Amino acid sequence: MKIAVAGATGAVGQQMIKCLEERLPQAEIKALASARSAGKVLSFQKQYVIGELTENSFDDVDYVLGATENNITAWWAPLAVKAGAVVVDNSSLYRLQEDVPLVIPEINPEDILTHHGIIANPNCATIIALVAVNALHQRWHVERMIVSTYQAVSGAGMQGIRDLENQVKDPSVPSLAFPHPIAYNLIPQIGGFDEEGYSSEERKMQNEGRKIWHHPELLVNCTCVRVPTMRSHAESITLQFREKPDLAEARELLKKAEGVILADDPKNHVYPMPLTTSDQDLVYVGRLRKDVSDPKEHSLVLFCSGDQIRKGAATNTVQILEKLLASK
Ligand SMILES: NC(=O)c1ccc[n+]([C@@H]2O[C@H](COP(=O)([O-])OP(=O)(O)OC[C@H]3O[C@@H](n4cnc5c(N)ncnc54)[C@H](OP(=O)(O)O)[C@@H]3O)[C@@H](O)[C@H]2O)c1
27 MKIAVAGATG AVGQQMIKCL EERLPQAEIK ALASARSAGK VLSFQKQYVI
77 GELTENSFDD VDYVLGATEN NITAWWAPLA VKAGAVVVDN SSLYRLQEDV
127 PLVIPEINPE DILTHHGIIA NPNCATIIAL VAVNALHQRW HVERMIVSTY
177 QAVSGAGMQG IRDLENQVKD PSVPSLAFPH PIAYNLIPQI GGFDEEGYSS
227 EERKMQNEGR KIWHHPELLV NCTCVRVPTM RSHAESITLQ FREKPDLAEA
277 RELLKKAEGV ILADDPKNHV YPMPLTTSDQ DLVYVGRLRK DVSDPKEHSL
327 VLFCSGDQIR KGAATNTVQI LEKLLASK
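If you use the numbering used here, the sequence shown corresponds to residues 27 to 354, in order.
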């Protein structure tokens, strides 16, 4: 089995190779990136010489894990499918396309089998949120979510990491990945704004959540904020349910939920935080409580955090691939 990683030098691509080494050690990995990186060597458990991604890159591969921006993916993904490979892609290009499944393996693995050559990995903040709340949704049915995100700089790729590293040493270094300095700051903008004042990132949770949950009436109001953490997004989420939830039962459901760890002992300072949730695959959930502003008592509030390069991107992609392989 030969697996190409397109965008292997990026934040997601490098993590994909590490996840493949951990989870599918039998796979032969072909690391691809731009001409700028061709010939460079990546060293993890094994070493990989980067090849330039060209139209002939996919002739000998079975699967391609995509970790490039939309415009680059638009160029290579059709070539990969034409060459007979199955693509699992991390860009947002194909996520809402009707014939492309959008999959979180803990939630809608059965959708994988409907693919026509391309399977999309959802937005990272959407994956973290939906894994965190899925067990509660299955029990009481989420009608509306109000979300504020605290998104790490690595969500903007390697340049986002470099900007924060540089600016903590010298705050006068200009940002290349962000419209403002990010060190000692936070920026309430991720992506461009639409005519209603929402950023592109803020629209993803409703659009993608509806598709993943097969829930066309889902309503989400999201505010996305870039914060000066290196990795692991965090999110404050208010959930309004159709049925009246029970707090004690919610706690029990979260203890058993797939992909979730309940970290909820605030009096002892236990709650989800980026430093404790980085470099692992579980989504931490805590600060679970009733929404005291809802007189009907149909709402709960929680805080979650998960490593968006792993579970929000690379791990989720490799899990999709594992499900695909298991279905053969
Ligand atoms: N970072 C996250 O947390 C995250 C989470 C979910 C989804 N995503 C999505 O995943 C994708 C990758 O994000 P990232 O954060 O890993 O970005 P990144 O760190 O900026 O990496 C981008 C990758 O694309 C490659 N690339 C650029 N131009 C290319 C070209 N012309 N031909 C071939 N390869 C080219 C780069 O190679 P060079 O090094 O050679 O330039 C690099 O390997 C994006 O679509 C992003 O939206 C990211």
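The C-beta atom is built at its ideal place from N, Cα and C for all residues, glycine as well. Values in this document were obtained by computation on a predicted structure and should not be read as measured data.
Rounded distance between the beta-carbons of residue j and residue i, thought under 8 Å
i	j	result
L190	M256	7 Å
I263	L328	6 Å
E132	N160	7 Å
A34	Q41	Rounded, the Cβ-Cβ distance is 10 Å, inconsistent with contact.
R252	E169	So it is not a contact: roughly 29 Å between Cβ atoms.
V38	A93	4 Å
V114	I145	5 Å
I138	L350	6 Å
K230	N149	4 Å
L91	T343	5 Å
S117	T99	4 Å
Q266	S325	5 Å
A203	Q215	Contact flag wrong, Cβ pair sits at about 12 Å.
Residue i: first and last residue of the uninterrupted beta strand (DSSP E) it sits in
i	result
K1	The structure shown does not extend to residue 1, since the chain is modelled only from 27 to 354, so the question has no answer here.
K56	54-59
V67	67-69
D115	112-115
A32	28-32
V286	286-288
I144	144-146
Residue(s) in a DSSP beta bridge with residue i
i	result
T94	T94 is not bridged to any residue.
R170	L245, Q266
D88	Answer is none; D88 lacks a bridge partner.
R252	Q177, I213
Y74	L68
H163	In the DSSP output, where bridge partners are listed per residue, H163 has none listed.
E261	T175, C330
L79	DSSP output for L79 lists no bridge partner at all.
S225	F219
L202	None; L202 has no bridge partner.
L128	A146
V296	D291
Boundaries of the alpha helix (DSSP H) in which residue i is found, first to last residue
i	result
Q40	37-49
L244	Note, L244: premise wrong, no alpha helix (DSSP H); not H, not E.
K282	273-282
G372	Coverage of the chain is limited to positions 27 through 354, which leaves residue 372 absent and any answer about it impossible.
L328	Not the alpha helix (DSSP H): L328 falls in the beta strand (DSSP E), residues 325-332.
V344	341-352
K301	Just to set this straight, residue 301 is Leu in the shown sequence, not Lys. Where L301 is concerned, the enclosing alpha helix (DSSP H) stretches over 300-303.
Closest residue to residue i among the options (Cα-Cα distance)
i	options	result
R336	S69, G285, A61	G285
V311	Q73, A158, A61, T302	A158
E261	T152, V31, L122	T152
N294	R313, Q306, H259	R313
D88	S353, K56, V296, S63	K56
G77	V38, L105, A32	A32
L50	I29, Y224, I187, E323	I29
Q71	N147, L46, G65	L46
L79	F219, T343, A64	A64
H259	G186, M299, M171	M299
A339	Q123, L308, K316, S353	L308
E125	D272, H142, Q215	It should be noted that the sequence gives Asp, not Glu, for residue 125. Measuring from the Cα of D125, the nearest candidate turns out to be H142.
G235	A289, A61, G36, M171	M171
M27	E54, G217, T343, S225	E54
A61	Q52, Q185, K281, V75	V75
S180	C330, G36, L326	G36
L122	E243, Q232, A352, A283	Q232
G332	H324, A352, L347, Y297	Y297
L280	E95, L156, L68	L156
E323	Q164, K270, Q73	K270
R315	A59, I287, D272	D272
H241	L105, Q164, P200, Q185	Q164
A289	L202, C330, Q306, W166	C330
V183	S201, K282, E136, V194	Here residue 183 turns out to be Gly, not Val, going by the sequence shown. Checking every option, the nearest Cα to that of G183 belongs to S201.
Q73	E95, P292, I43, R188	I43
Any non-hydrogen atom of ligand 2 closer than 7 Å to residue i Cβ
i	result
C150	Of the ligands one can find in the structure shown, namely ligand 1, none is ligand 2.
Does the contact criterion of 3 or more C-beta pairs under 8 Å hold for the region 70-88 versus the region 109-116? Yes, the region 70-88 is in contact with the region 109-116.
How about the region 271-289 and the region 176-190: do they share at least three Cβ pairs that are nearer than 8 Å? These segments do not touch.
Would you call the region 200-217 and the region 121-132 touching, i.e. three or more CB-CB distances under 8 Å? Remark: fewer than three beta-carbon pairs, one from each stretch, lie closer than 8 Å, so the region 200-217 and the region 121-132 are not flagged as touching.
Hey, is the region 240-250 in contact with the region 198-208, meaning 3+ C-beta pairs nearer than 8 Å? Contact annotation: the region 240-250 does not touch the region 198-208, with fewer than three C-beta pairs closer than 8 Å.
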